[in-house]
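Quick note, the sequence shown lines up with residues 6 to 606 if you use our numbering.
Note that beta-carbon positions come from the ideal geometry of N, C-alpha and C, so glycine has one too.
Before any comments, here is the structure.
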Amino acid sequence: MPRKALLCCENLSKSFGSTPLFEGLTFTLHDRDHVGLVGPNGSGKSTFLKILCGLEKADKGTCTHPKSLRIGYVPQNPVFPPGKSVEDVITAALALDTRLDDRDRHRQASVALGKAGFTDPGISTDVLSGGWRARLAIARELARTPDLLLLDEPTNHLDIESILWLESLLRSASGAFVVVSHDRYFLENVAQRMLEINRLHHTGLFHVDGSYADFLQKRDDALSNQAAYQDSLAGLVRREVAWLRRGAKARTSKSKARIQSAESSMGELAEARERSSGSTIGIEFSSSGRKTKRLWSGEDVKIGFPGKTLIDHLDLLLKPGMRCGVIGPNGSGKTSLLQTIVGEMAPAAGTIQHAEGLRVVYFKQNRETPDPSLTLKQALAPKGDTVIYRDRPLHVASWAKRFLFRPEQLESPVSQLSGGERARISLARMMLEPADILVLDEPTNDLDIPALDVLEEALLEFPGALVLVSHDRWLLHRVSTQILALDGLGGAHHFADYEQWEANRPSAPQTRKRSQRQTPRIQKSSKTRRLSYMEQREWDGMEAAVLEAEARVTAARKTAEDPAIATDAARLQERFAELEKLQSRVEHLYARWADLEEKQT
Numbered sequence: 006m007p008r009k010a011l012l013c014c015e016n017l018s019k020s021f022g023s024t025p026l027f028e029g030l031t032f033t034l035h036d037r038d039h040v041g042l043v044g045p046n047g048s049g050k051s052t053f054l055k056i057l058c059g060l061e062k063a064d065k066g067t068c069t070h071p072k073s074l075r076i077g078y079v080p081q082n083p084v085f086p087p088g089k090s091v092e093d094v095i096t097a098a099l100a101l102d103t104r105l106d107d108r109d110r111h112r113q114a115s116v117a118l119g120k121a122g123f124t125d126p127g128i129s130t131d132v133l134s135g136g137w138r139a140r141l142a143i144a145r146e147l148a149r150t151p152d153l154l155l156l157d158e159p160t161n162h163l164d165i166e167s168i169l170w171l172e173s174l175l176r177s178a179s180g181a182f183v184v185v186s187h188d189r190y191f192l193e194n195v196a197q198r199m200l201e202i203n204r205l206h207h208t209g210l211f212h213v214d215g216s217y218a219d220f221l222q223k224r225d226d227a228l229s230n231q232a233a234y235q236d237s238l239a240g241l242v243r244r245e246v247a248w249l250r251r252g253a254k255a256r257t258s259k260s261k262a263r264i265q266s267a268e269s270s271m272g273e274l275a276e277a278r279e280r281s282s283g284s285t286i287g288i289e290f291s292s293s294g295r296k297t298k299r300l301w302s303g304e305d306v307k308i309g310f311p312g313k314t315l316i317d318h319l320d321l322l323l324k325p326g327m328r329c330g331v332i333g334p335n336g337s338g339k340t341s342l343l344q345t346i347v348g349e350m351a352p353a354a355g356t357i358q359h360a361e362g363l364r365v366v367y368f369k370q371n372r373e374t375p376d377p378s379l380t381l382k383q384a385l386a387p388k389g390d391t392v393i394y395r396d397r398p399l400h401v402a403s404w405a406k407r408f409l410f411r412p413e414q415l416e417s418p419v420s421q422l423s424g425g426e427r428a429r430i431s432l433a434r435m436m437l438e439p440a441d442i443l444v445l446d447e448p449t450n451d452l453d454i455p456a457l458d459v460l461e462e463a464l465l466e467f468p469g470a471l472v473l474v475s476h477d478r479w480l481l482h483r484v485s486t487q488i489l490a491l492d493g494l495g496g497a498h499h500f501a502d503y504e505q506w507e508a509n510r511p512s513a514p515q516t517r518k519r520s521q522r523q524t525p526r527i528q529k530s531s532k533t534r535r536l537s538y539m540e541q542r543e544w545d546g547m548e549a550a551v552l553e554a555e556a557r558v559t560a561a562r563k564t565a566e567d568p569a570i571a572t573d574a575a576r577l578q579e580r581f582a583e584l585e586k587l588q589s590r591v592e593h594l595y596a597r598w599a600d601l602e603e604k605q606t
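Structure representation (structure tokens):
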């Protein structure tokens with residue numbers, strides 16, 4: 006049965022100032038199309054979606070669709086009216102549908118919120134985390150039953166369980182959707198057609214009917230053919246240039262045509278070389294070269310705080326070449342585990358041993374960003390114009406180029422850089438430190454797919470040990486030699502790979518199959534929730550809150566013990582009052598943590 010065209014775009018072009026995002030894009034979307042849209046950072050993917058839904062206009066070209074077409078759009082950072090409940094948000098989105106009365110609107114809102122996992126329709130949007138805001142934005146658009154749904158990086162703020170929920174939702178979608186994502190596992194699971202916006206391609210847009218894996222194969226084939234044609238064209242141009250240098254004249258129509266053809270070939274070659282001149286980020290971690298077989302080991306390790314156990318009976322051995330992926334729900338102890346490995350946190354029980362002089366490099370999720378007032382040059386090379394990489398001095402301009410920074414950016418302040426560019430600064434700093442063990446906490450944040458591919462290769466080539474916390478399942482699958490899954494109840498379970506964990510994981514309440522009959526009320530999970538939504542959010546963030554509070558106590562204690570104020574009674578009293586206040590805060594957090602744990606059990 007032939008499919009109906011929903012939206013047709015011809016020769017779309019868009020620029021910001023003098024910088025072209027894309028030029029001459031032409032394609033057609035059909036009903037039931039499940040499309041994944043990819044491209045490097047800055048290629049114009051988000052702008053492209055906005056043009057499709059009418060929020061922005063193209064500089065050139067046309068985008069046409071039937072007047073009756075309903076288009077839904079979920080932006081990267083959804084905005085909701087302050088002080089409104091989640092049900093208010095959904096019913097307001099349905100207000101323009103004159104076919105519905107108030108009762109129908111509330112019924113559809115209840116169904117949409119239930120599918121998104123909300124159990125309290127009265128919860129305020131003001132208290133929603135990034136992940137729940139993303140769920141609400143998706144639910145708002147789905148409630149309007151769009152013919153075409155556009156989603157811009159919907160997995161950005163979602164944990165693995167929420168991503169699995171969204172995958173299930175999109176796989177069963179009867180309408181069409183276009184989703185922009187850097188999550189390759191997600192794309193593989195939901196997309197049946199792939200589009201890439203990239204100046205590497207002659208038309209600026211590469212299209213494949215098939216999965217993300219099909220796209221990768223056909224893209225490689227297309228780029229190989231393109232490179233072979235470019236080599237052939239270069240040979241032709243060399244021969245024609247040699248002919249012209251011998252003094253060719255346009256005296257005959259045949260000679261004139263050949264000269265024109267040579268000029269055309271030169272222009273085509275220059276254009277092809279300009280398109281293929283893009284660079285890739287140069288990630289390569291420094292190893293200490295240590296040959297020790299046992300780098301770090303923990304036996305019967307217990308990790309936690311007074312009155313609160315996060316991980317118990319953990320046995321873990323890290324050897325060169327071992328790459329351990331760590332997964333688990335919020336509050337299960339992933340951060341505490343990493344801090345125990347790097348020595349920032351002592352275990353509550355058990356035995357830890359490590360090689361003498363062990364060198365561990367720790368990449369934190371909430372990593373400190375350089376001072377925004379610093380220039381890029383100062384952030385990359387704080388001590389001058391050079392950095393020392395693998396015992397060799399490199400000029401900062403060469404070092405910056407390796408991370409795709411242009412020479413004219415060196416004097417730009419860090420405050421003007423994008424999130425992806427700041428992430429590249431953090432990677433650049435990390436690469437300067439030789440390591441026996443790399444400990445990485447969500448290193449993929451803000452990186453595009455080309456950068457992720459290079460990061461993977463660098464991790465695979467690193468000869469030391471790797472401990473990796475990530476929500477990027479493609480990275481975990483490709484890099485990890487084992488998976489350590491924390492269950493949030495103190496257990497730490499070893500699996501051979503991500504697929505084995507996924508096959509054995511308990512189903513999440515939000516993803517369980519619901520009754521086909523839609524009811525006006527939000528359906529609740531069959532598993533009783535003993536914590537309210539707000540309490541669950543508090544529980545999820547409790548480990549991080551305790552760690553932060555204890556770090557502040559440590560810093561305040563050092564300040565209070567500063568010899569410079571030992572004879573200043575007023576300042577000393579002020580510092581100790583602050584220390585007492587911070588210690589009280591830690592005690593309060595422990596007590597609250599115990600209360601929440603008791604509620605759950």
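Going by beta carbons, A565 and F581 fall inside the 7 Å limit. By the criterion of a C-beta distance shorter than 8 Å, H359 is surrounded in its chain by L300, W301, S302, once the five residues flanking it on both sides are discounted. In this structure, E461 and S291 do not form a Cβ contact; the two beta carbons are roughly 18 Å apart against a cut-off of 8 Å. Shown here, L494 sits in coil according to DSSP, grouped into three states, outside any helix or strand. By a beta-carbon distance limit of 8 Å, N16 contacts T31. Their separation comes to about 6 Å. For E304, the closest alpha carbon among the candidates E349, G47, I357, S260 is that of I357. Nearest Cα to S20 within the set T52, A247, S270, D152: T52. Looking at L381, P387, A501, R112, the one whose alpha-carbon comes closest to that of P418 is L381.
Looking at the backbone, the Cα of A121 and that of S115 are separated by about 10 Å. F27 is bridged by DSSP to K19.
Judged by beta-carbon spacing, V551 lies beyond the 7 Å limit of L587, meaning their Cβ atoms are not closer than that value.
A contact between stretches requires three or more CB pairs, one per stretch, nearer than 8 Å, and the stretch 147-167 meets this requirement with the stretch 76-88. As a beta-bridge residue in DSSP terms, M199 pairs with G41, V213. Within the stretch 35-107, the runs of alpha helix (DSSP H) at least 4 residues long that lie entirely inside it are, in chain order, 50-57, 91-98.
Where S341 is concerned, the enclosing alpha helix (DSSP H) starts and stops at 339-347. From the listed residues Q113, P468, D226, the smallest Cα separation to G326 is found for P468. Inter-residue distance for R176 and N194 is about 8 Å (C-alpha atoms, whole angstroms).
Remark: C-beta atoms of L274 and V242 approach each other more closely than 7 Å. DSSP places A386 outside both helix and strand once states are collapsed to three, so it counts as coil. Counting only the Cα atoms, G389 lies some 16 Å from P412. In the DSSP assignment, G424 falls within the alpha helix (DSSP H) that extends over 424-436. Secondary-structure assignment with DSSP links S292 through a beta bridge to A440.
Annotation for L323: the continuous beta strand (DSSP E) segment containing it runs 313-323.
Going by DSSP, P159 is part of no alpha helix (DSSP H) at all; its letter is neither H nor E. Take the alpha-carbon of I165 and the one of L491: they are about 13 Å apart. No Cβ-Cβ contact shorter than 7 Å links R75 with D36. DSSP places R411 outside any beta strand (DSSP E), giving it a letter other than H or E. With a cutoff of 7 Å on beta-carbon distance, V40 and R198 are scored as near each other. The way I'd put it, the stretch 83-97 doesn't touch the stretch 219-228; fewer than three beta-carbon pairs between them come closer than 8 Å. By the criterion of at least three beta-carbon pairs nearer than 8 Å, the stretch 100-109 is not in contact with the stretch 177-193.
By the Cβ test, the stretch 449-466 is in contact with the stretch 475-489, since at least three Cβ pairs between them sit closer than 8 Å.
For D317 and L118, the gap between their C-alpha atoms comes out near 37 Å. The continuous alpha helix (DSSP H) containing G136 extends over residues 135-148. 7 Å or more divides the Cβ of I430 from the Cβ of A463. Taking 8 Å as the upper bound for CB-CB distance, K50 and I202 are in contact here, some 6 Å apart. In the DSSP annotation of this structure, R328 is not part of any alpha helix (DSSP H); the continuous beta strand (DSSP E) holding it starts and ends at 328-332.
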